[in-house]
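Sequence positions in the sequence shown follow the working numbering and run 1 to 473.
For reference, the structure is listed below as structure tokens.
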Amino acid sequence: MKRHSTFLAATIVLLLASLDAQRPQFSNQVRSFIKVDAPVVALTNVRVIDGTGAPAKPNQTLVLRDGNIAEMGDAAAVKAPEGAAVIDLTGKSIMPGIVMVHEHLYYPTGPSVYGQLGQSFIRLYLAGGVTTMRTGGNVNGFMDFTLKRQIDAGQLPGPAIDATAPYLNGPNPFLQMRALNDADDARRQVNYWADMGATSFKAYMNITRAALGAAVEEAHKRRMKITGHLCSVTYSEAADLGIDNLEHGFLASTDFVPDKQVDTCPGQGQGQQTIAALDEDNEAFQALVKKLVDRKVALTSTLTVFETLTPGRPLPPGLEVLAPQLKDQFERAHARTAKNEESRYRTLLPKAMALEHAFAKAGGLLIAGTDPTGGGGVVPGFSNHRQLELLVEAGFTPLEAIAIGTLNGAKYLGRDARIGSIEIGKQADLVVVNGDPSTTIGDVRKVETVFKQAVGFDPVELIEFVTGRVGLW
Ligand SMILES: [Zn+2]
């Protein structure tokens with residue numbers, strides 16, 4: 001009898017758990033950042049930017065239930081259900097939660113040292129409207145996986161994370177990066193980190209073709225994707241080896257370096273010089289684009305990090321949340337950059353924009369990320385908005401830029417059936433914006449509420465919690 005009732009209780013618990021599968025039990029810490037949490041939420045009279053690139057629809061009402069978008073349509077036709085928490089969003093917009101794929105939970109804090117800032121970065125990303133992200137390489141080991149698990153379990157606030165393993169690289173000068181010996185070593189490293197909780201991989205600048213090929217094979221056996229910030233291996237070679245994604249637009253391509261030695265990085269600067277001289281109409285460039293499109297290799301735009309290295313550009317947004325020392329450090333670097341007449345980035349940044357635009361117009365899957373590394377100044381959350389602005393500067397319409405930063409990322413991650421656009425039945429990952437980013441992209445900075453699985457987070461509280469401490473944790 002006792003056993004029977006225990007079984008019954010367990011069954012009831014399981015049933016309740018499955019009914020409530022969408023939302024975890026939140027810790028008190030997470031609750032302190034939540035401003036909307038109700039069984040049924042109605043967002044009324046709002047402009048919907050659905051993330052597909054389609055024109056914005058005015059005057060819509062959405063009903064959120066069980067973590068999903070249950071109903072959506074003209075405000076005149078869709079009524080808020082009785083008992084729903086009704087939020088009138090007249091004059092405001094909603095867009096899908098941002099899905100960006102070259103994010104990091106670390107930041108350059110000292111000479112060759114990357115500080116692990118997971119606790120502040122997960123909050124800043126969420127505050128900026130990022131509801132799903134991939135980390136594009138990890139220099140820590142376990143932190144990305146642990147944060148992912150704790151966020152999924154409701155213990156910490158933050159986006160859903162596709163957590164990359166430590167970098168797959170050849171011999172290199174980085175203090176926090178291992179060097180692979182050979183292809184077998186690459187196989188071992190992929191399987192080890194997949195067993196430990198990694199959900200994707202990233203190859204780096206000095207990997208050999210043999211090691212990259214082996215890593216691609218092992219990652220694909222585990223149904224995981226692998227991207228690369230390359231140099232020793234060309235984009236064309238990597239496409240032949242089956243890589244899924246290439247980072248930094250074309251700025252890491254060494255395909256056009258004359259007399260390039262195989263398996264050797266001629267220096268990123270060498271590659272970038274050839275890119276700066278490249279024209280969108282160049283035949284060899286177009287052949288490379290065609291190959292990437294045919295092989296379905298996605299390309300990640302990370303204009304934000306390159307902007308911080310380019311003279312004559314404005315100070316990036318979000319510096320005020322940094323620990324004072326890091327803020328000073330970056331502001332001094334920015335002033336030095338401004339005076340650098342020789343900087344190759346003067347020509348490279350506009351070229352990067354033009355080539356990425358050409359890739360997308362040729363049918364390539366362009367996705368976006370912000371890469372908070374370089375010389376600093378790329379501040380999560382704020383940088384995701386800046387990335388969208390820079391895509392518009394690159395020639396995309398605001399609607400196209402938003403699609404790149406939402407639905408395209410979801411497509412790459414293979415999650416577009418659930419996230420990435422605003423559609424009935426999809427997960428209610430939504431950003432409420434006080435303005436109209438479909439016409440004025442800069443309005444994406446005016447985030448009011450970030451819904452993740454229909455639970456509304458307060459960006460002001462999230463940012464306040466970390467302000468002045470970003471750099472410490
Ligand atoms: Zn990176």
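Glycine included, every Cβ here is placed at the ideal spot set by N, Cα and C.
Under a three-way DSSP split, which group does residue i fall into?
| i | result |
| --- | --- |
| K351 | helix |
| H104 | coil |
| R65 | strand |
| D371 | coil |
| I94 | strand |
| T300 | strand |
| P166 | strand |
| I49 | coil |
| L388 | helix |
| Q116 | strand |
| P459 | helix |
| I422 | coil |
| T135 | strand |
| V233 | coil |
| I243 | coil |
| F465 | helix |
| D255 | coil |
| G110 | strand |
| E71 | strand |
| W473 | coil |
| D20 | Confidence is the limiting factor: at D20 the pLDDT is only 46, short of 50, which leaves the residue's position unreliable and the question unanswerable from this model. |
| P81 | coil |
| N59 | strand |
| I34 | strand |
| Q453 | coil |
Classify residue i as buried or exposed, calling it buried when 16 or more other Cβ atoms lie within 10 Å of its own Cβ.
| i | result |
| --- | --- |
| T439 | exposed |
| S112 | exposed |
| N169 | buried |
| Q261 | exposed |
| Y192 | exposed |
| P55 | exposed |
| D244 | buried |
| E341 | exposed |
| I226 | buried |
| A76 | exposed |
| G363 | exposed |
| S32 | exposed |
| D255 | buried |
| M353 | buried |
| E307 | buried |
| K339 | exposed |
| N408 | buried |
| D20 | Below a pLDDT of 50, predicted positions are generally treated as unreliable, and D20, at 46, falls in that range; no measurement from the model is reported. |
Quick check: is any heavy atom of ligand 1 less than 7 Å from the C-beta of residue i?
| i | result |
| --- | --- |
| T304 | no |
| G136 | yes |
| D162 | no |
| T61 | no |
| D371 | yes |
| H357 | no |
| H385 | no |
| H220 | no |
| H334 | no |
On a CA-only basis, which of the options is nearest residue i? Give me that one, please.
| i | options | result |
| --- | --- | --- |
| E247 | Q189, N434, C231 | C231 |
| L319 | I275, Y107, K426 | Y107 |
| E331 | R344, P311, I94, V190 | P311 |
| K361 | G197, T397, E341, D255 | T397 |
| I122 | A163, R418, I87, D195 | A163 |
| G129 | D195, F256, T406, V470 | T406 |
| F465 | S120, P55, R23 | S120 |
| G377 | P266, Q329, V450 | Q329 |
| H102 | G435, G228, A403, K339 | G228 |
| L413 | L399, V432, L365, F457 | L365 |
| N68 | V444, D429, P314, G269 | D429 |
| L175 | R65, P157, V139 | V139 |
| D184 | A214, A160, P159 | A214 |
| T449 | Q60, Y114, Y125 | Y125 |
| I34 | F451, V470, W473, K296 | F451 |
| L462 | L156, L349, S383 | L156 |
| L309 | T373, A410, A394, K446 | T373 |
Return no unless some Cβ of chain D is closer than 8 Å to the Cβ of residue i.
| i | result |
| --- | --- |
| A194 | Among the chains in the structure shown there is no chain D, since it carries only a single protein chain. |
Can you determine whether any heavy atom of ligand 3 sits closer than 7 Å to the C-beta of residue i, and answer yes or no?
| i | result |
| --- | --- |
| C231 | In the structure shown, ligand 3 is absent; the only ligands present are ligand 1. |
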